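Visitor: Before we start, here is the structure in question, set down as structure tokens.
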Amino acid sequence: MFYHLISCTVPLYWQVDELSRTSESGSLSCREFEQYLWVSHYLATRSACSRVPQLYGIVAKISVSLLRHTDVIPADRAFYQAGMYCKAVGLESMAFIFYNRFLDLSEVSIAKSIAMLILLLIFQCQAIEEGSLDMIDNSDFVDTDIPFEVPLPEQPFMTEDKQEEIKEWVLALSMDRQVEQTLPLDDERQTYVASLTSPHTGVTSLPCIVTGPALRYMYIYLWPNIL
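Mapping to the numbering used here: the sequence shown position 136 is 589, numbers consecutive.
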């Protein structure tokens with residue numbers, strides 16, 4: 454199964470590699486293909502690792518890294534999964550922040566659906582402009598590379614019962630003074646641990662190819678004709 458998942462990303466890898474060797478290198482289309490490659494690779498790796506409970510630490514890191522790409526993957530699902538896996542490995546502060554974001558996005562999605570229904574009933578409109586993200590507080594994600602502007606889900610992907618369960622957990626944790634309700638910082642870079650770009654220096658670090666966070670030490674494995 455893992456080979457099948459990874460093999461699906463190989464054509465995209467070669468496409469990105471070919472583009473990087475042409476005048477298109479650094480272009481918008483090349484950067485988009487590269488982003489899709491990273492997303493596909495991390496999703497495939499997470500899918501394989503999630504079958505082994507002992508690898509949930511890796512799964513949590515991948516899920517957190519994928520939040521950098523919520524402009525191209527469903528944001529509500531990504532934040533829910535990041536919260537779920539962080540909670541599973543005891544990273545309660547991060548789970549609290551990510552679950553909160555998931556609930557915010559879900560509420561905006563519900564508001565959008567209600568507004569659309571009202572307009573359809575009253576004005577018989579065939580379309581509606583996308584809902585607004587203005588009501589969402591972004592203060593938790595300032596100085597991170599998690600995008601603020603993300604496509605809104607057409608409808609909540611999680612059931613109301615599950616959302617209520619998450620709300621109760623978030624509310625209970627908000628009362629626990631021993632749990633910091635902020636994202637952790639990298640002591641060396643003084644930057645959110647999962648951010649590749651430092652807001653203080655503007656330096657962008659390379660991501661770990663397995664889990665996605667910024668690399669501290671780089672190891673290069675030579676593979677003939679590929680690396």
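Beta carbons: idealized from backbone N, C-alpha and C, even for Gly.
No experiment lies behind these values; they were computed from the predicted model shown.
1. Which one or two residues does DSSP pair with residue 645 in a beta bridge?
2. Whole angstroms is fine: what's the gap from residue 597's alpha carbon to residue 515's?
3. Please report the distance separating the alpha-carbon of residue 499 from that of residue 535.
4. Would you kindly work out how many angstroms separate the C-alpha atoms of residue 495 and residue 507, rounded to a whole number?
5. From the DSSP output, in three-state form, read off residue 652 for me.
6. Under three-state DSSP, which class holds residue 606?
7. What does the alpha-carbon distance come out to for the pair residue 591 and residue 558?
8. Taking residue 641 as the reference, give the member of 530, 668, 468 with the closest Cα.
9. Whose C-alpha, out of 468, 537, 630, is nearest the C-alpha of residue 407?
10. Alpha carbon to alpha carbon, how far is residue 486 from residue 465?
11. Which residues in the same chain have their Cβ closer than 7 Å to the Cβ of residue 540, if we skip the five residues on either side of it in sequence?
12. Would DSSP call residue 462 helix, strand or coil?
13. Drop a sphere of 10 angstroms on the beta-carbon of residue 497, count the other beta-carbons inside from all chains shown, and report buried for 16 or more, exposed for fewer.
14. Between 543, 468, 619, which lies nearest to residue 532 when the distance is taken from Cα to Cα?
15. Look at the Cβ atom of residue 599, then the Cβ atom of residue 484, and state whether they are nearer than 9 Å.
16. When the distance is taken between beta carbons, is residue 512 closer than 9 Å to residue 490?
17. Helix, strand or coil, according to DSSP, for residue 498 in the structure here?
18. Please state if the CB of residue 556 and the CB of residue 623 are separated by a distance shorter than 9 Å.
19. Threshold first: 4 residues or longer. Then list the alpha helix (DSSP H) segments lying entirely within the stretch 511–565, N to C.
20. Look at residue 650 and residue 657 and say whether their C-beta atoms are less than 9 Å apart.
21. Are the CB atoms of residue 594 and residue 636 nearer to each other than 9 Å?
Guide: Taking the structure as given:
1. Residue mapping note: residue 645 aligns to position 192 of the sequence shown, counting from 1. DSSP output for residue 645 lists 638 as bridge partner(s).
2. Position 144 of the sequence shown, counted from the first residue, corresponds to residue 597. Position 62 of the sequence shown, counted from the first residue, corresponds to residue 515. So the alpha carbons of these two residues sit roughly 16 Å apart.
3. Here residue 499 refers to the residue found at position 46 of the sequence shown. Here residue 535 refers to the residue found at position 82 of the sequence shown. Rounded to whole angstroms, residue 499 to residue 535 spans 11 Å at the Cα level.
4. Residue mapping note: residue 495 aligns to position 42 of the sequence shown, counting from 1. Residue mapping note: residue 507 aligns to position 54 of the sequence shown, counting from 1. Approximately 18 Å between the Cα atoms of the pair.
5. As a first step, residue 652 is located in the sequence shown; it is residue number 199 there, counting from the start. Coil, per DSSP.
6. Along the sequence shown, one-based indexing puts residue 606 at 153. Three-state DSSP puts residue 606 in coil, outside helix and strand.
7. Here residue 591 refers to the residue found at position 138 when the sequence shown is read from its first residue. Here residue 558 refers to the residue found at position 105 when the sequence shown is read from its first residue. Going by the C-alpha atoms only, they are around 12 Å apart.
8. Sequence index remark: in the sequence shown, residue 641 carries index 188 (1-based). With distances taken between Cα atoms, residue 641 lies closest to 668.
9. The first residue shown for the chain is 454 and the last is 680, placing residue 407 beyond what the model contains.
10. By 1-based counting over the sequence shown, the position of residue 486 is 33. By 1-based counting over the sequence shown, the position of residue 465 is 12. Taking the straight line joining both Cα atoms gives about 8 Å.
11. Along the sequence shown, read from residue 1 onward, the residue named residue 540 stands at position 87. Cβ within range, chain order: 548.
12. The residue you call residue 462 lines up with position 9 of the sequence shown. Residue 462: coil per DSSP, three-state reduction.
13. By 1-based counting over the sequence shown, the position of residue 497 is 44. So residue 497 ends up on the buried side.
14. Reading the sequence shown from its first residue, position 79 is the one you call residue 532. The option with the nearest alpha carbon to residue 532 is 619.
15. The sequence position of residue 599 within the sequence shown is 146, counting from 1. The sequence position of residue 484 within the sequence shown is 31, counting from 1. Not in contact: residue 599 and residue 484 (Cβ atoms no closer than 9 Å).
16. Here residue 490 is taken as the residue at index 37 of the sequence shown, counted from 1. Here residue 512 is taken as the residue at index 59 of the sequence shown, counted from 1. No, these two residues do not count as a Cβ contact at 9 Å.
17. For this step, residue 498 is matched to residue 45 along the sequence shown. Helix, per DSSP.
18. Along the sequence shown, one-based indexing puts residue 623 at 170. Along the sequence shown, one-based indexing puts residue 556 at 103. Contact flag set, yes.
19. 528–541
20. On the sequence shown, position 197 is the one that residue 650 refers to. On the sequence shown, position 204 is the one that residue 657 refers to. Cβ atoms of residue 650 and residue 657: closer than 9 Å.
21. Start at 1 with the first residue of the sequence shown, and residue 594 comes out as number 141. Start at 1 with the first residue of the sequence shown, and residue 636 comes out as number 183. Going by C-beta atoms, residue 594 is nearer than 9 Å to residue 636.
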